[in-house]
Amino acid sequence: MRHDGIKRLRHPDVGHLDLTFQSLDLPLPGRAVHDLIIYTAEPGTASEDRLKLLASWAATRPRTAEPTRHS
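Residue numbers for the sequence shown, in UniProt numbering: 1 to 71.
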């Protein structure tokens, strides 16, 4: 099942973000349903600028540890 709409979030560093979302239910055999949710900002909006700022911070942060793989 697919859902879509607009979410209004408040980030502690950049403030309000109005993001369009699309959600897709992904059924897995023998397991509960997982949701895939994609958030985007409308081009040319303050939310797009704020989201780009957050992305730039994430891109410049050094990685502290590699993910642990479980066997």
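All C-beta atoms in this analysis are idealised placements derived from N, C-alpha and C, irrespective of residue type, glycine included. What you are looking at is a predicted structure, and each value in this text was computed from that prediction instead of being measured.
Close Cβ partners of residue i (< 7 angstroms) along its chain, the five nearest in sequence each way excluded
| i | result |
| --- | --- |
| residue 72 | Nothing can be reported for residue 72, as the shown portion of the chain is limited to 1 through 71. |
| L53 | V14 |
Burial state of residue i, where buried means 16 or more other Cβ atoms lie within 10 Å
| i | result |
| --- | --- |
| R69 | exposed |
| S56 | exposed |
| L26 | exposed |
| L19 | buried |
Among the options, nearest to residue i - alpha-carbon criterion
| i | options | result |
| --- | --- | --- |
| L17 | I37, R50, S23 | R50 |
| residue 99 | S23, T45, G44 | Residue 99 falls outside the range modelled here, since the chain spans only 1 to 71, and no answer is possible. |
| R8 | A46, P62, A32, G30 | A46 |
Close Cβ partners of residue i (< 6 angstroms) along its chain, the five nearest in sequence each way excluded
| i | result |
| --- | --- |
| Y39 | L19, F21 |
| V33 | D25, P27 |
Integer-rounded CB distance, given that residue j should sit under 8 angstroms from residue i
| i | j | result |
| --- | --- | --- |
| A41 | E48 | 4 angstroms |
Scan the stretch 9–46 and note each continuous beta strand (DSSP E) run of 3 residues or more that stays entirely inside, going in chain order. 15–26, 34–40
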